[in-house]
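Chains as they are written, first to last, in the numbering used here: chain A, 17 to 271; chain B, 17 to 271. In this text, a Cβ means the ideal position worked out from N, Cα and C, and glycines have one as well. Just so we're clear, the structure is a prediction, and the values are computed from it rather than from any experiment. As structure tokens, the structure follows; a few thoughts come after it.
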DNA sequence: CGTGTGATTGAGATGGGTCAACCTCAGTGG
DNA sequence: CCACTGAGGTTGACCCATCTCAATCACACG
């Protein structure tokens with residue numbers, strides 16, 4: 017399997033059976049025969065250009081959207097036009113699950129870079145899950161991962177120090193890229209500083225300053241959207257670490 | 017496990033077919049016959065006392081947990097013993113969905129008041145979903161609602177002003193109680209100030225001060241955990257309103 | 001009637017918001 | 001070739017909301 021990222025239609029056609037996201041996407045753990053059934057209902061779309069929207073707020077939910085390649089942001093418009101970034105979505109990740117509740121999208125999804133998405137029509141899903149043993153379980157697993165990322169997001173927002181939020185954010189991105197088989201220490205940020213700010217509940221200036229400071233401290237090297245992590249352990253320590261530095265010195269093992 | 021349930025067993029037995037949560041819980045929209053199949057696998061548990069934990073971090077996920085009655089908090093322990101409240105869960109709401117991802121709980125669920133939970137064993141779920149048409153869809157709907165609440169939580173944390181966070185929090189609670197058929201303007205907070213603080217990314221003193229101020233402004237009346245909302249519209253305005261007053265006057269179609 | 005936990009209130013310190021200037025760079029057109 | 005332009009990003013100075021530290025209060029319970 018070559019990892020050449022070329023827009024080879026024939027390759028895309030091969031669909032789930034040979035998709036590089038097998039372990040992340042729905043088909044994982046499903047045998048070849050059943051996979052064919054799934055293939056039959058998965059729609060594949062051609063790339064969306066940067067800035068294009070996959071769905072809008074209020075639109076009825078018609079399918080599960082999986083990022084096949086690229087990156088998206090999902091944005092909720094809090095009244096008054098204030099935009100809150102609900103999530104960033106890389107390859108293998110689901111988008112717009114919030115719409116499962118009422119059937120209408122609560123956020124809009126916009127491509128941050130040229131991207132490709134796969135779609136599983138909702139109306140077919142019920143039927144196919146019944147036909148394909150294990151698919152239901154796998155679906156729940158992917159949904160669970162999505163929820164897990166939402167909780168990571170919560171954890172970031174719960175941090176007081178902007179420095180820590182940024183560190184968690186970068187560390188989380190690093191981890192996700194690593195799981196995709198890409199470099200966890202050097203990658204391009206697909207989103208703007210503005211997006212990061214809205215994702216982390218900060219203003220753009222604070223994001224910028226935090227980047228600068230992390231760079232001055234030798235943890236990272238940033239130039240525009242190019243990011244290189246120089247000291248991943250330190251970044252992780254900063255991310256998960258010093259929220260309660262001194263308060264509880266005697267508190268390791270069991271109470 | 018012997019089932020020595022001491023209270024109104026008969027009432028609990030009626031299970032899904034007569035459960036007051038029908039429209040919120042899994043069975044909604046499923047006919048009587050199929051409901052019986054679901055009933056067969058849903059476990060009902062005796063009440064948990066306040067402070068009791070339903071599951072702990074790291075424990076394997078064995079079932080979907082639905083609050084039948086009472087209230088829970090789910091808590092994630094960020095290293096160093098720092099606790100982050102991931103969510104509050106009232107009747108009809110799911111808990112611990114984050115564990116769907118890796119099969120292990122990432123947070124622990126603790127009863128805030130005496131509570132009862134229903135459980136749907138995960139291993140049986142796949143099978144039953146295949147047997148009961150529509151159940152899969154309904155399951156996804158309930159999960160979607162849960163994700164929706166997580167996003168509401170995000171929205172709170174994204175707010176800058178503590179006042180606004182508290183307002184959103186109270187308004188959200190009010191809304192959830194209303195949907196349960198309870199008074200939306202007068203209820204008891206099942207959680208402590210500490211819990212609220214950790215849920216909203218604030219310190220306890222700030223929560224306390226915000227309550228006081230909301231009371232001074234005539235929006236609410238608080239006494240300990242007793243809450244009465246005096247001006248719901250004003251509370252809603254404060255919640256969804258003044259985050260970006262003027263900034264983006266020109267913002268509609270495509271750029 | 002003490003005791004302890006949870007909640008409130010006060011006074012001072014600080015991190016990040018706000019406002020504003022400036023920088024960087026790619027695209028454009030003279 | 002270079003000046004112009006505009007969007008995205010950085011930096012600086014100031015201010016205020018929240019955090020921190022600490023005292024006090026409220027109330028349930030033994």
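Item to check | residue 205 of chain A vs residue 241 of chain A beta-carbon contact at 8 Å | outcome: If you number the first chain from 1, residue 205 of chain A lands on position 189. If you number the first chain from 1, residue 241 of chain A lands on position 225. Contact flag set, yes.
Next on the checklist: I want to know whether the segment 173-188 of chain B touches the segment 118-138 of chain B - three or more CB-CB distances under 8 Å.
Outcome noted: No contact exists between the segment 173-188 of chain B and the segment 118-138 of chain B.
Checklist entry - Can you list, in chain order, the residues of the segment 84-95 of chain A whose Cβ is nearer than 7 Å to any Cβ on chain B? => result Residues passing the 7 Å Cβ filter: 92, 94 and 95.
Item to check | Simplified DSSP assignment, three categories, for residue 242 of chain B | outcome: One-based indexing of the second chain puts residue 242 of chain B at position 226. DSSP places residue 242 of chain B in strand when its eight states are reduced to three.
Checklist entry - Based on Cα-Cα distance, which residue from B/145, B/164, B/161 and B/149 lies nearest to residue 155 of chain A? => result Your numbering for residue 155 of chain A matches position 139 in the first chain. Of all alpha-carbon atoms in B/145, B/164, B/161 and B/149, the one lying nearest the alpha-carbon of residue 155 of chain A is that of B/145.
Checklist entry - What separation, rounded to the nearest whole angstrom, lies between the Cα atoms of residue 223 of chain B and residue 50 of chain B? => result Residue numbering aside, residue 223 of chain B sits at position 207 when the second chain is read from its first letter. Residue numbering aside, residue 50 of chain B sits at position 34 when the second chain is read from its first letter. Approximately 47 Å, taken between the alpha carbons.
Item to check | Own chain partners of residue 173 of chain B with C-beta closer than 8 Å, once the 5 adjacent residues on each side are dropped | outcome: In the second chain, counting from the first residue as 1, residue 173 of chain B sits at position 157. Sequence-distant partners of residue 173 of chain B (beyond 5 residues in either direction) whose C-beta falls short of 8 Å from its own C-beta, in its chain, are 181, 216 and 217.
Checklist entry - Among B/228, B/255 and B/254, which has the Cα closest to the Cα of residue 243 of chain B? => result Position 227 of the second chain, counted from the first residue, corresponds to residue 243 of chain B. Checked all of B/228, B/255 and B/254; the closest Cα to residue 243 of chain B is B/228.
Checklist entry - List, in order along the chain, the chain B residues whose C-beta lies closer than 9 Å to that of residue 49 of chain A? => result Counting from 1 along the first chain, the entry for residue 49 of chain A is found at position 33. Residues of chain B passing the Cβ test: none, with the nearest at roughly 17 Å.
Item to check | residue 120 of chain A to residue 232 of chain A span [Cα, whole Å] | outcome: Translated into positions along the first chain, residue 120 of chain A becomes position 104. Translated into positions along the first chain, residue 232 of chain A becomes position 216. If I take the Cα positions, the gap works out to 45 Å.
Item to check | Backbone secondary structure at residue 79 of chain B - three-state DSSP | outcome: As a working note, residue 79 of chain B is residue 63 in the second chain. Per DSSP, reduced to three states, the secondary structure at residue 79 of chain B is strand.
Checklist entry - Quick one: what's got a C-beta closer than 7 Å to residue 106 of chain A's C-beta in the same chain, skipping five residues either side? => result The sequence position of residue 106 of chain A within the first chain is 90, counting from 1. In its chain, beyond the 5 residues on either side, 83, 87, 192 and 196 have a beta carbon closer than 7 Å to the beta carbon of residue 106 of chain A.
Checklist entry - If you drop the 5 nearest sequence neighbours on each side, which residues of the same chain put their C-beta closer than 6 Å to that of residue 270 of chain B? => result Along the second chain, read from residue 1 onward, the residue named residue 270 of chain B stands at position 254. With a pLDDT of only 35 at residue 270 of chain B, under 50, the local geometry of the prediction cannot be trusted, and the value read off the model is given with reservation. Shown here for residue 270 of chain B: not one same chain residue has a beta carbon closer than 6 Å to its own, the five before and five after excluded.
Item to check | Interfacial residues, the segment 109-135 of chain B to chain A, with Cβ spacing under 9 Å | outcome: Here the close residues are 113, 114, 115, 116, 117, 118, 119, 122 and 123.
Item to check | Selection from B/190, B/246 and B/135 that minimises the alpha carbon distance to residue 275 of chain B | outcome: Nothing can be reported for residue 275 of chain B: it is not among the residues displayed for chain B, which extend from 17 to 271.
Checklist entry - Roughly how many angstroms separate the alpha carbons of residue 99 of chain B and residue 190 of chain B, rounded to a whole number? => result Numbered from 1 along the second chain, position 83 holds the residue referred to as residue 99 of chain B. Numbered from 1 along the second chain, position 174 holds the residue referred to as residue 190 of chain B. The straight-line gap from Cα to Cα measures roughly 25 Å.
Next on the checklist: Any C-beta of chain A within less than 8 Å: which residues of the segment 97-109 of chain B qualify?
Outcome noted: Hits within the stretch, in order: 97, 98, 100 and 102.
Checklist entry - Looking at residue 162 of chain B and residue 78 of chain B, is the spacing between their C-beta atoms short of 8 Å? => result In the second chain, the residue the question calls residue 78 of chain B occupies position 62. In the second chain, the residue the question calls residue 162 of chain B occupies position 146. For the pair residue 78 of chain B and residue 162 of chain B, the CB atoms are not nearer than the 8 Å cut-off.
Next on the checklist: Please tell me whether residue 207 of chain B and residue 104 of chain B are closer than 8 Å, where the distance is taken between their beta carbons.
Outcome noted: As a first step, residue 207 of chain B is located in the second chain; it is residue number 191 there, counting from the start. As a first step, residue 104 of chain B is located in the second chain; it is residue number 88 there, counting from the start. Their beta carbons are under 8 Å apart, which means residue 207 of chain B touches residue 104 of chain B by this criterion.
Next on the checklist: Buried or exposed for residue 261 of chain B, going by 16 or more other Cβ atoms inside 10 Å?
Outcome noted: The residue given as residue 261 of chain B occupies position 245 in the second chain. Annotation note: pLDDT 41 at residue 261 of chain B (below 50); position unreliable, coordinate value reported separately. Under this definition residue 261 of chain B is an exposed residue.
Checklist entry - What does residue 145 of chain B touch in chain A if you count any residue whose Cβ is under 9 Å from its own? => result To locate residue 145 of chain B, count along the second chain from 1; it is residue 129. Contact of residue 145 of chain B with chain A by beta-carbon distance below 9 Å involves 142, 145, 146 and 152.
Checklist entry - In chain order, what residues of the segment 177-202 of chain A put their CB closer than 7 Å to some CB of chain B? => result Within the segment 177-202 of chain A, no residue has its Cβ closer than 7 Å to any Cβ of chain B.
Next on the checklist: Counting only Cβ pairs nearer than 7 Å, list the residues of chain A close to residue 212 of chain B.
Outcome noted: Indexing the second chain from 1 puts residue 212 of chain B at position 196. Ordered by position in chain A, no residue passes the 7 Å Cβ test against residue 212 of chain B, which lies about 13 Å from the chain.
Next on the checklist: Taking the straight line between their C-alpha atoms, what separation do you get for residue 164 of chain B and residue 47 of chain B?
Outcome noted: For the purposes of this step, residue 164 of chain B is identified with residue 148 of the second chain, where counting begins at 1. For the purposes of this step, residue 47 of chain B is identified with residue 31 of the second chain, where counting begins at 1. In a straight line, the C-alpha of residue 164 of chain B is about 27 Å away from that of residue 47 of chain B.
Checklist entry - Is the shortest distance between the beta-carbon of residue 74 of chain B and the beta-carbons of chain A less than 8 Å? => result For the purposes of this step, residue 74 of chain B is taken as the residue at position 58 of the second chain. For residue 74 of chain B, the answer is no, since every Cβ of chain A falls outside 8 Å of its Cβ.
Checklist entry - Which ranges would you report for the beta strand (DSSP E) in the segment 155-230 of chain A if only whole runs of at least 3 residues count? => result Those beta strand (DSSP E) runs which fall completely within the segment 155-230 of chain A and span 3+ residues are 202-204.
Checklist entry - What separation, rounded to the nearest whole angstrom, lies between the Cα atoms of residue 43 of chain B and residue 35 of chain A? => result Along the second chain, one-based indexing puts residue 43 of chain B at 27. Along the first chain, one-based indexing puts residue 35 of chain A at 19. Cα-Cα distance, rounded: 36 Å.
Next on the checklist: Going by DSSP, what residue range makes up the alpha helix (DSSP H) through residue 57 of chain A?
Outcome noted: For this step, residue 57 of chain A is matched to residue 41 along the first chain. It spans 48-57 - the alpha helix (DSSP H) in which residue 57 of chain A sits, taken as one unbroken run.
Item to check | Min CB distance residue 256 of chain A to chain B below 8 Å | outcome: Position 240 of the first chain, counted from the first residue, corresponds to residue 256 of chain A. At least one chain B Cβ lies under 8 Å of residue 256 of chain A.
Checklist entry - Comparing the C-beta of residue 161 of chain A with each C-beta of chain B, is any distance below 8 Å? => result The count along the first chain starts at 1 and reaches residue 161 of chain A at position 145. Chain B, which has a Cβ nearer than 8 Å to the Cβ of residue 161 of chain A, makes this yes.
Checklist entry - Which word fits residue 265 of chain A, buried or exposed, when buried means at least 16 other C-beta atoms lie within 10 angstroms of its C-beta? => result Locating residue 265 of chain A in the first chain gives position 249, counting from the first residue. With a pLDDT of 35 at residue 265 of chain A, under the threshold of 50, the modelled position of this residue cannot be trusted, and the question is left open.
Next on the checklist: Which of the three DSSP states is assigned to residue 135 of chain A in this structure?
Outcome noted: Locating residue 135 of chain A in the first chain gives position 119, counting from the first residue. In the structure shown, residue 135 of chain A sits in a strand (DSSP, three-state: E or B).
Checklist entry - Terminal residues of the continuous alpha helix (DSSP H) containing residue 248 of chain B? => result Working through the second chain from its first residue, we reach residue 248 of chain B at position 232. Per DSSP, residue 248 of chain B belongs to the alpha helix (DSSP H) from 248-256.
Checklist entry - So, is the C-beta of residue 169 of chain A closer than 8 Å to a C-beta in chain B? => result Sequence index remark: in the first chain, residue 169 of chain A carries index 153 (1-based). For residue 169 of chain A, the closest Cβ of chain B is nearer than 8 Å.
Next on the checklist: For residue 91 of chain A, list the residues DSSP reports as bridge partners.
Outcome noted: For the purposes of this step, residue 91 of chain A is taken as residue 75 along the first chain, with counting starting at 1. In DSSP, residue 91 of chain A forms a bridge with A/101 and A/124.
Checklist entry - How about residue 233 of chain B: is its C-beta nearer than 8 Å to some C-beta of chain A? => result By one-based count along the second chain, residue 233 of chain B stands at place 217. Output row for residue 233 of chain B: interface = no.
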